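To convert, count from 1 in the sequence shown and add 5; that's the working numbering. Notes follow once the structure below has been shown.
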Amino acid sequence: MFEAVHHVGVTVVDLDASLDFWQRLLGAQSRNRRVLDGPQVGTMVGYPGIRIDSCWLDLPGDVALELLQYLDRDESPYDPGTAHPGNVHLCFAVDDMDEAHAHALACGAQAVTGTPIEVGAGPRAGTRLAYLRDP
């Protein structure tokens, strides 16, 4: 029935800024940038008449990231707190946490955890991780 994760869609405030961040972070090229519109789009997402500026980036591991900016609709203010229902995060396996963390910050990411932290107990004990937000 379900074979694999095809893509993850993330709604963004500024598609150009988000594309710049993700391209610099991953060295990925964007593809299929277009404005989605028409009655089927509004029906699918529950906003009749909506237009969505959309673009795809290929992530490591054969999964795509779809960035979506809803046009002509303001949902501000947005609180990106991790406890909010519907909040999404992506987790990347890296070979050098300190290097990956520094690179992400240089690309414009905002550190939530400050520096990487070590998991103290459980099945991931000893693993280092960091929470970051895209700009």
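C-beta atoms are modelled at their ideal positions from N, C-alpha and C, and glycine is treated no differently. Quick caveat, the model's predicted, so the values are computed rather than measured.
Query	Result
Could you compute how far the alpha carbon of R39 sits from the alpha carbon of V68?	19 angstroms
Just how far apart, CA to CA, sit E104 and S35?	24 angstroms
Look at the Cβ atom of A116, then the Cβ atom of L134, and state whether they are nearer than 8 angstroms.	no
Taking the DSSP output, what are the residues bridged to G86?	Looking at the DSSP assignment, G86 forms no beta bridge with any residue, so it has no partner.
Based on DSSP bridge pairs, tell me the residues matched to W27.	Note: W27 sits in no beta bridge, so no partner.
Suppose contacts are defined by Cβ-Cβ distances below 8 angstroms. Is A109 in contact with L30 by that definition?	yes
Which one or two residues does DSSP pair with D58 in a beta bridge?	V40 and Q74
State buried or exposed for H106, treating a residue as buried only when at least 16 other CB atoms are found within 10 Å of its CB.	buried
Please determine, among R129, Q45, P140 and T48, the residue with the shortest C-alpha to C-alpha distance to A98.	R129
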